[in-house]
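Enquirer: My questions will all concern the structure given below.
Numbering (the UniProt record's numbering), first residue to last: 1 to 77.
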């Protein structure tokens, strides 16, 4: 199990909610007969790009927390 700080967990939870909503919207867009191929392709590309963006956001929050903890320890020394 990965041990993360609370802010990292919040970033991951928000990303999971956004990704789930995007999946639902993509299913609706693909099943709608009035939508063209371009819109369907746009949703497919967006869904492929969301996971790397979410992972970058999660890693950035982990790094920021780590730096804050190190700065806190340095202040007490």
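We treat Cβ as the ideally placed atom computed from N, Cα and C, and that holds for glycine.
Please give me, in chain order, every unbroken run of the alpha helix (DSSP H) with length at least 4 that falls completely inside the UniProt domain "Cardiolipin synthase N-terminal" (13-58).
Expert: DSSP runs (the alpha helix (DSSP H)) wholly in the UniProt domain "Cardiolipin synthase N-terminal" (13-58): none.
Enquirer: For residue 50, which option in 65, 71, 68 and 17 has the closest C-alpha, if you only look at C-alpha atoms?
Expert: The candidate whose alpha carbon is nearest that of residue 50 is 17.
Enquirer: Any idea if residue 11 is buried or exposed, counting beta-carbon neighbours within 10 angstroms, 16 or more meaning buried?
Expert: Counting Cβ neighbours within 10 Å, residue 11 comes out buried, since at least 16 surround it.
Enquirer: According to the Cβ coordinates, are residue 107 and residue 22 closer than 8 Å?
Expert: Residue numbering for the chain in the displayed model covers 1 to 77; residue 107 lies beyond these limits and cannot be assessed.
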